[in-house]
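*Asks:*
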């Protein structure tokens, strides 16, 4: 019997005894927060949650001494025990218990099993682009809930781009007054108030997830120019931008006019104007005060409208501004070769699973500088890529369409030559929103490929476990269909997977 466990645990042993049966007398004991989480999952999955009966118990407890985020789960006919080394580990053990649950006639059972589990990497993220299309606080909270079921623990919010600025800042009020109303295709814009952002951060924390806010600079900054035109250069319009805009029937970007297209690389801040760095200090200073997590993302990708030397100067200065705030800067891999980049800066690699165009050299530069990498290979775990067999959603520029198997068939430890596990902070699966207008769009693009990304971040390395194969993954993921449906996740029923039904 294949257990529907994703990501694959470090160690799982199916026992020979009878399963644990949930009844109206089942008791939940132990940690109250974990019990509340499990009750909500059981109610969604079975239609009811255990009352305070006198029958067999599901015991949820904290037991210090294990690795961070680790847990142990044992189930037999008499009881189920989930113990976590910390609150996050106990939360993840509860998610595993929900995956184990299955029907047996009219009953719900947990098979007899022993699981010892801990994550491979400390950072396991998803990114949501709320700039190209704005997504409400409730949508972001729902995505947090969905991602957390797969033991993902970071939400990278892409809060600014050419199409819109999405966060209220008292130090720079014009950003939302003048720069937030537009979106791709002429759709409505929007922004998070400071209270709305705090609500997202708090909700993420309740799911043991940190928020990594990104303000993308010095490119992807057209919306800043709507509010503060003195900070931006004129758009740099290449033949590629002109031709692609014409093919899509889009207007070319023009300073002072909201941009509704999807071209990239034309905008830039003014690198040699000190007002630009005053702006960066205001923005990241206020953002640091709103963000309890350690990371602030400065962007730095696709700055095609900024000369290379100017780009290096800019990312070096802004990474220093962030470091001086006591935060860890994060930048896309293009920033790696900047000679004076703050030495704590984490790099995020978005090149292909087989690196091209020297992208791996730029990523390795972070490691040579003593920092670590977040891996986001675009042709594997960019969740906004179209499926080969899916709905009319997503793009194809990253060697797409992208199948579920391709999302699975890559190994972090061998992605970039000279970069091993010690150099890797973790993985992240971005979802850009050019075509994602609704929560349903987000769910369909993400699931099931987000599960493949989660396994790359949590589970043992490829070859270190018999579970870390495509055939094993597709069998285990197949069993999650009923759980995802009960949680309201509108996943893509990819024909690559033989989905289970109840």
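Residue numbers (the numbering used here): 1288 to 1789.
Even glycine gets a Cβ: it sits at the ideal position worked out from N, Cα and C.
1) Please state the DSSP three-state secondary structure of residue 1661.
2) With H, G and I counted as helix, E and B as strand and the rest as coil, what does DSSP make of residue 1309?
3) Between the stretch 1544-1560 and the stretch 1569-1580, do at least 3 Cβ pairs fall closer than 8 Å?
4) Can you tell me the Cα-Cα spacing of residue 1497 and residue 1490, whole angstroms?
5) Using the rule of at least 16 other Cβ atoms within 10 Å of the residue's Cβ for burial, across every protein chain shown, is residue 1521 buried or exposed?
6) Mind checking who residue 1501 pairs with in its DSSP beta bridge?
7) Near residue 1356, what residues of its chain come up, given a Cβ to Cβ distance below 6 Å and the 5 sequence neighbours on each side ignored?
8) Ignore the nearest five residues each way along the sequence and tell me which others in residue 1802's own chain have a CB closer than 6 Å to its CB.
9) Which whole runs of the alpha helix (DSSP H) in the stretch 1753-1781 are 4 residues long or more, in chain order?
10) Are the Cβ atoms of residue 1660 and residue 1413 separated by less than 8 Å?
11) Starting from residue 1488, follow the alpha helix (DSSP H) in both directions and report where the run begins and ends.
12) I think residue 1326 touches residue 1346, with their Cβ atoms under 8 Å apart; what is that distance to the nearest whole Å?
13) Could you tell me the distance, in whole angstroms, from the CA atom of residue 1540 to the CA atom of residue 1643?
14) Alpha carbons only, please: which of 1619, 1595 and 1557 is nearest the one belonging to residue 1585?
15) With 16 other CB atoms within 10 Å as the buried threshold, where does residue 1699 fall?
16) What does a CB cutoff of less than 8 Å around residue 1708 pick up in its chain, not counting 5 residues either side in sequence?
17) Is it true that the CB of residue 1411 sits closer than 8 Å to the CB of residue 1714?
18) Give the C-beta separation of residue 1458 and residue 1573 to the nearest angstrom, bearing in mind that I take them to be a contact with Cβ-Cβ under 8 Å.
19) Can you check which of these residues, 1767, 1344, 1297 and 1523, is closest to residue 1307 by C-alpha distance?
20) Under 8 Å between the Cβ atoms of residue 1508 and residue 1523?
21) Between which two residues does the alpha helix (DSSP H) harbouring residue 1693 extend?
*Replies:* Taking the coordinates as given:
1) Assignment of residue 1661 by DSSP, reduced to helix, strand and coil, places it in the strand class.
2) Here residue 1309 sits in strand by DSSP.
3) Verdict: no, contact absent.
4) Taken atom to atom, the span from the alpha-carbon of residue 1497 to that of residue 1490 is near 9 Å.
5) Residue 1521 sits exposed, since fewer than 16 C-beta atoms from the chains shown fall within 10 Å of its C-beta.
6) BP columns for residue 1501 point to 1445 and 1584.
7) Taken in chain order, the residues that qualify are 1375, 1376 and 1406.
8) This structure does not reach residue 1802, given that the chain is present from 1288 up to 1789, and the question cannot be answered.
9) Counting only runs of 4 or more, we get 1757-1765 and 1768-1773.
10) No, they are not a contact pair.
11) It spans 1481-1493 - the alpha helix (DSSP H) in which residue 1488 sits, taken as one unbroken run.
12) Contact flag wrong, Cβ pair sits at about 14 Å.
13) Counting only the Cα atoms, residue 1643 lies some 29 Å from residue 1540.
14) For residue 1585, the nearest C-alpha among the options comes from 1619.
15) Buried is the call here.
16) These residues qualify, in order along the chain: 1407, 1408, 1699, 1700 and 1748.
17) Closer than 8 Å, so yes.
18) Indeed they touch by this definition, with Cβ atoms about 5 Å apart.
19) Comparing Cα-Cα distances from residue 1307 to each of 1767, 1344, 1297 and 1523, the minimum goes to 1344.
20) It is not a contact, given that the beta carbons lie outside the stated cut-off.
21) Following the DSSP letters along the chain, one finds residue 1693 inside the alpha helix (DSSP H) bounded by residues 1691-1695.
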